[in-house]
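Residue numbers (the UniProt record's numbering): 1 to 128. Idealized CB from N, CA, C, for every residue including glycine. Note that the structure is predicted; figures quoted are calculated from it, not measured. Working notes, structure below.
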Amino acid sequence: MRRCFACRKHHEIRAKTHLREMWKASLSKKVLELRILYDPSAASSSAVRGWLSTQYAVLKTLNPSTMILVRESTGVEPKVIVRADHEQQVLLSGLSESQIDARLKSIVEKAPELPRPAASASSFRDII
Numbered sequence: 001m002r003r004c005f006a007c008r009k010h011h012e013i014r015a016k017t018h019l020r021e022m023w024k025a026s027l028s029k030k031v032l033e034l035r036i037l038y039d040p041s042a043a044s045s046s047a048v049r050g051w052l053s054t055q056y057a058v059l060k061t062l063n064p065s066t067m068i069l070v071r072e073s074t075g076v077e078p079k080v081i082v083r084a085d086h087e088q089q090v091l092l093s094g095l096s097e098s099q100i101d102a103r104l105k106s107i108v109e110k111a112p113e114l115p116r117p118a119a120s121a122s123s124f125r126d127i128i
């Protein structure tokens with residue numbers, strides 16, 4: 001059985017995800033939206049820029065249906081807004097990349113799993 005390139009890439013990233021990073025794979029089960037705001041030139045946002053360069057692709061590949069919005073804005077304090085069962089803001093200024101990862105991990109692990117809509121018979125109809 002052959003898989004498409006995207007499926008193979010998704011499988012490779014899942015296989016490389018260590019147990020300590022399994023929260024990233026469960027992001028779509030607990031979070032509706034992840035908004036990351038930072039200043040593209042401020043020193044306080046340097047860790048956020050570094051974290052995004054290494055983690056955005058991993059998060060998006062593992063959670064293709066989760067909205068991950070990245071916003072650059074001059075003069076804004078770096079923060080992440082997590083929308084799950086409620087909205088939560090976390091300031092990221094002064095944190096290292098590993099601390100940013102740890103903050104997001106704690107938020108995701110504490111969030112309850114989102115309810116899944118029941119599959120209806122009409123959604124599986126043949127379209128002619």
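Sequence-distant residues of the same chain with beta carbon closer than 7 Å to S28, five excluded per side: Counting only Cβ-Cβ distances below 7 Å, and skipping sequence neighbours, we find N63, S65, T66.
Just reading off the alpha helix (DSSP H) that V108 is part of, what are its end residues? Counting along the chain, the unbroken alpha helix (DSSP H) around V108 starts and ends at 97–110.
Taking all protein chains shown into account, decide if A30 is buried (16 or more other Cβ within 10 angstroms of its Cβ) or exposed. Checking the sequence, you will find Lys at residue 30 rather than Ala. Burial is judged here by how many other beta carbons sit within 10 angstroms of a residue's own beta carbon; K30 has at least 16 and is buried.
Meets three-Cβ-pair contact criterion under 8 Å: the stretch 96–115 and the stretch 68–76: Result no; under three Cβ-Cβ pairs closer than 8 Å.
The alpha helix (DSSP H) that contains L59, what's its start and end? Going by DSSP, L59 is part of the alpha helix (DSSP H) stretching over 46–62.
Note down the Cα distance separating V108 from P40, rounded to an integer number of angstroms. In this model, V108 and P40 are separated by some 26 Å (Cα to Cα).
Quick one: Cα of A25 to Cα of E33, how far? For A25 and E33, the distance between alpha carbons rounds to 14 Å.
Taking a contact to mean a Cβ-Cβ separation below 8 Å, would you say V48 touches Y38 in this structure? The beta carbons of V48 and Y38 sit closer together than 8 Å.
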